[in-house]
Amino acid sequence: MKDNRFAIYLGRTKLLLSIFIIILVISTGRFFYLQVIKGTELRDLREQNINDFEYIYPKRGRILSREGIVLAEDRKVYSIAIDLEQKPSEKSIQAFSNIFSDRTSFEEIKLKVEDSLKFRRSEVVLTKIGQEELAKFLVRGEDLTGFSIIEDYERQYDPHPSFFHVLGHMGYLTESDAAHFSTRINDYDSKLWRKVGKSGIERVYENELQGKHGKKFFQRNARGDRRVITGEEPFSEGNEIIISIDYEAQKLAYELMQGNKGSIVVIDLKDFSIPVAVSTPSISANDLRGISSSQYQELLNDSSRPLFNRAFMGLYPPGSSIKPLFATFAISNSYTTWDETIFDDGFFRFEEEQRVFNAWKEGGHGYTDLNKALVESSNPFFMNLSVKYEKSKFVELLKSSSFGSKLCEDCYPHQYSPLIDDAWKRKNFGKDLFKGDFINLGIGQGYMLTTPLHLSLIAGMLASKGQYKLPYLVRNNELDFSIDVEIQEADWVKLNQALIDVVYSSNGTGYKIEAGNLNLAGKSGTAQVVDINSREEYDEVRKNINLRDHAIFIGYAPFDDPRYSIAVIVENGESGGRVAGPIARDVLRELLNDI
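Every letter in the sequence shown is one number past the one before it in numbering that gives the first Met the number 0, and letter 241, counting from 1, is 240.
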């Protein structure tokens with residue numbers, strides 16, 4: 000019996016020993032294979048797996064006013080983001096939501112984690128982390144695996160709403176942005192959604208402002224923890240940009256609009272830079288930071304359109320403000336002289352179509368020459384001229400005055416004033432221009448539309464005796480007065496006097512401006528919102544504020560040595576001389592006092 004048990008025991012021992020020897024041989028062989036035969040390959044693979052890097056984002060360049068006042072700059076902020084390398088567990092998500100329960104919830108964080116893992120993009124879960132919150136995170140760090148503190152920069156803007164449309168704003172990089180900036184999204188770290196300029200100076204000068212990112216190289220252990228920093232590729236901060244906007248004049252211009260919809264644009268005729276470009280109403284660029292999609296939609300749906308840049312994008316009939324340009328055209332092409340007179344009885348009769356056009360002044364202006372037609376704004380005088388215009392010459396005038404072409408290289412976005420020619424009318428109405436079209440075009444109505452920027456440029460062109468170059472906010476273009484609308488010196492002297500009389504003569508449409516010693520020359524205008532034929536019709540229409548005429552004034556000062564040109568449009572303001580003109584006066588006075 001004992002011998003049998005011993006034999007069984009011995010047999011089992013031999014079996015176990017045999018199994019142990021077999022395992023030892025296999026393990027030794029595997030070890031030899033991995034260390035000797037495959038050692039180099041595996042070591043290389045191990046090195047690849049643990050070497051990693053992250054981007055170092057530079058500080059974005061500041062934007063300064065022409066006096067050197069900071070309008071936009073980066074300030075350091077802390078955020079908490081999802082760490083894709085460690086992947087937050089359910090437990091750490093719960094711990095995180097408990098610690099920051101006043102700012103987020105478990106469900107919200109879990110959804111962001113799921114999106115982050117799905118799109119392989121590190122979501123920022125909390126922004127603007129204060130010192131107290133930062134301390135909470137650091138104390139409970141072991142419970143918050145999968146979340147990490149990141150340092151970032153937040154764009155801070157001068158809070159005054161007058162600067163929003165010029166400066167623009169920042170937003171997350173999209174595929175279309177990447178194509179626009181000729182940058183591959185993959186060049187940027189997946190841990191942060193990179194922000195770029197979306198409009199204004201921020202977008203036009205994105206490449207100069209953003210700087211060049213650097214890299215920090217490090218190694219991770221098998222668990223993904225960072226162990227050793229192995230090197231660094233330096234970054235370079237973005238360039239500082241000085242724009243031509245005058246800080247005080249810009250703010251004053253905005254306040255003078257008193258909440259009315261409209262725009263003010265000033266051009267410095269010394270170099271054709273833009274010291275004032277205001278669109279009202281507006282917002283502070285800081286208001287868009289952290290805004291929800293529903294809040295943004297509210298801004299888009301706001302009937303006053305605070306996000307719309309009226310200065311560069313708004314298209315308005317110029318009304319009578321365009322008459323000085325057409326006066327120079329008529330004189331240069333011998334369609335009239337300064338001495339020619341017509342009798343203005345308050346109507347213009349177009350015999351060819353047997354139509355009668357009513358003028359704004361009942362009874363008319365009586366015997367009227369070109370000076371009086373400008374000073375008192377006689378529509379029949381300019382209608383009478385317009386039927387004489389040769390189509391090709393009129394279109395050439397519009398082209399040389401920058402209709403249908405880019406007005407400014409760094410005003411973004413900006414709209415072209417349409418070039419009204421046969422091609423334009425065929426595209427929009429299926430037929431060519433005919434003589435009757437020029438009757439309305441000749442008084443700045445009908446199909447004619449211009450931007451406030453363009454009207455200020457036209458005023459500048461008149462002030463500069465027909466010579467001008469395209470305006471700018473940062474960079475002077477190289478045109479060097481290469482654009483020229485022909486105005487003879489003797490004709491310019493008479494035109495200048497007529498525009499002075501508009502403001503200082505008691506019968507001038509701009510007399511109520513009370514310009515005093517500003518030495519202002521200009522032309523007021525009233526642009527119809529709806530087509531009407533009588534004063535009685537307008538009295539009925541104006542009961543709806545949004546259907547009232549727009550008030551326009553363009554001009555320049557001082558008239559004996561012009562330094563600034565200006566265009567002011569007050570939507571539904573009705574009177575260019577009474578409403579828009581005084582605004583122009585006060586803005587120009589502010590600028591000229593600084594000289």
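Ideal Cβ placement from N, Cα and C applies to all residues, glycine included.
Task: Residues near Val265 in its chain [Cβ-Cβ closer than 6 angstroms; skip 5 each side] - done: Pro274, Val275, Tyr563 and Ile565
- [ ] Could you tell me which of Asp530, His179, Tyr253 and Ala583 sits nearest to Gly515, measuring between CA atoms?
- [x] Ala583
Open item on the list: Measuring only the C-alpha atoms, how far is Tyr471 from Ile242?
Closed with: 9 angstroms
Open item on the list: My assumption, with CB atoms under 8 angstroms, is that Tyr411 sits in contact with Val203. Please give the rounded CB distance.
Closed with: 5 angstroms
Task: Arg348 (DSSP reduced to helix, strand or coil) - done: strand
Task: Complete runs of the beta strand (DSSP E) confined to the region 391-431 [at least 3 residues] - done: none
- [ ] Compute the beta-carbon to beta-carbon distance between Asp548 and Glu573, rounded to the nearest angstrom, for a pair I have assumed lies under 8 angstroms.
- [x] 5 angstroms
Task: Reduced DSSP category for Phe163 - H, G, I as helix; E, B as strand; rest coil - done: helix
Open item on the list: Quick check on DSSP: helix, strand or coil for Leu358?
Closed with: For the record, residue 358 in the displayed sequence is Ala; it is not Leu. Of the three classes helix, strand and coil, the one that applies to Ala358 here is coil, per DSSP.
TODO: List in chain order: all unbroken beta strand (DSSP E) runs of 3+ residues lying wholly within the region 250-314.
DONE: 261-267 and 272-279
Task: Residues bridged to Arg74 [DSSP beta-bridge criterion] - done: Glu153
Task: Beta-bridge partners of Ala462, as assigned by DSSP - done: Per DSSP, none; premise fails for Ala462.
Open item on the list: Taking the alpha carbon of Glu375 as the reference point, which residue from Phe52, Gly363 and Asp301 has its own alpha carbon closest?
Closed with: Gly363
Task: Phe52 versus Gly140: straight-line alpha-carbon distance, rounded - done: 22 angstroms
TODO: Just tell me which of Lys135, Tyr156 and Asp157 has its CA closest to the CA of Ser147.
DONE: Lys135
- [ ] Using three-state DSSP, classify Tyr187 as helix, strand or coil.
- [x] Residue placement at Tyr187 is flagged as unreliable, the pLDDT there being 48, under the threshold of 50; a coordinate-derived value is accordingly withheld.
- [ ] Return the residue from the list Tyr246, Asn206 and His212 that minimises the CA-CA distance to Phe162.
- [x] Tyr246
Task: Nearest-angstrom beta carbon gap, Phe325 and Phe381 [assumed within contact, 8 angstroms] - done: 6 angstroms
- [ ] Please work out which residues of its chain come closer than 8 angstroms, Cβ to Cβ, to Ser104, disregarding the five sequence neighbours upstream and downstream, and give them in chain order.
- [x] Ser96
Task: Coarse secondary structure for Ser96, derived from DSSP in three states - done: helix
Open item on the list: Taking 9 angstroms as the threshold (C-beta atoms), are Lys58 and Tyr152 in contact?
Closed with: yes
- [ ] Sort Val124, Glu339 and Ala556 by Cα distance to Ile369 and report the nearest one.
- [x] According to the sequence displayed, residue 369 carries Leu and not Ile. Measuring from the Cα of Leu369, the nearest candidate turns out to be Glu339.
Task: N- and C-terminal bounds of the alpha helix (DSSP H) containing Tyr503 - done: Glu488 to Tyr503
Task: contact_flag[the region 191-200, the region 396-414] where n(CB pairs < 8 angstroms) is 3 or more - done: yes
- [ ] Would you list the one or two residues that DSSP bridges to His549?
- [x] Ala526
Task: Inter-stretch contact at 8 angstroms, needing at least 3 Cβ pairs: the region 448-461 / the region 426-440 - done: no
TODO: Quick one: give me the first and last residue of the alpha helix (DSSP H) that Ala329 is part of.
DONE: Lys322 to Ser331
Task: Alpha-carbon spacing of Tyr510 relative to Leu546, whole angstroms - done: 25 angstroms
Open item on the list: Check whether the region 276-291 and the region 161-178 touch, using three or more Cβ-Cβ pairs below 8 angstroms as the test.
Closed with: yes
Task: Extent of the continuous beta strand (DSSP E) run through Ala597 - done: The structure shown has nothing for residue 597, since the chain only spans 0 to 594.
TODO: Go ahead and label Leu478 buried or exposed: buried means 16 or more other beta carbons lie within 10 angstroms of its beta carbon, across all protein chains shown.
DONE: Per-residue confidence for Leu478 stands at a pLDDT of 49, beneath the threshold of 50, marking its modelled position as unreliable; the derived number appears in the next sentence. Leu478 should be labelled exposed.
Open item on the list: Output needed for Asp490: all residues of its chain with C-beta closer than 7 angstroms, excluding positions within five of it in sequence on either side, in chain order.
Closed with: Thr327 and Ile330
TODO: Report whether the distance from the Cβ of Pro280 to the nearest heavy atom of the ligand GDP is below 8 angstroms.
DONE: By its list of ligands, the structure shown contains no ligand whatsoever, and the ligand GDP lies outside what it can speak to.
Open item on the list: I need the DSSP call for Asp343, collapsed to helix, strand or coil.
Closed with: strand
Open item on the list: Could you compute how far the alpha carbon of Asp188 sits from the alpha carbon of Lys75?
Closed with: Note on Asp188: pLDDT 45, under 50, position unreliable in the model; no value is reported.
TODO: Could you check which residue in Val567, Gly576 and Phe558 has the C-alpha nearest to that of Ser523?
DONE: Gly576
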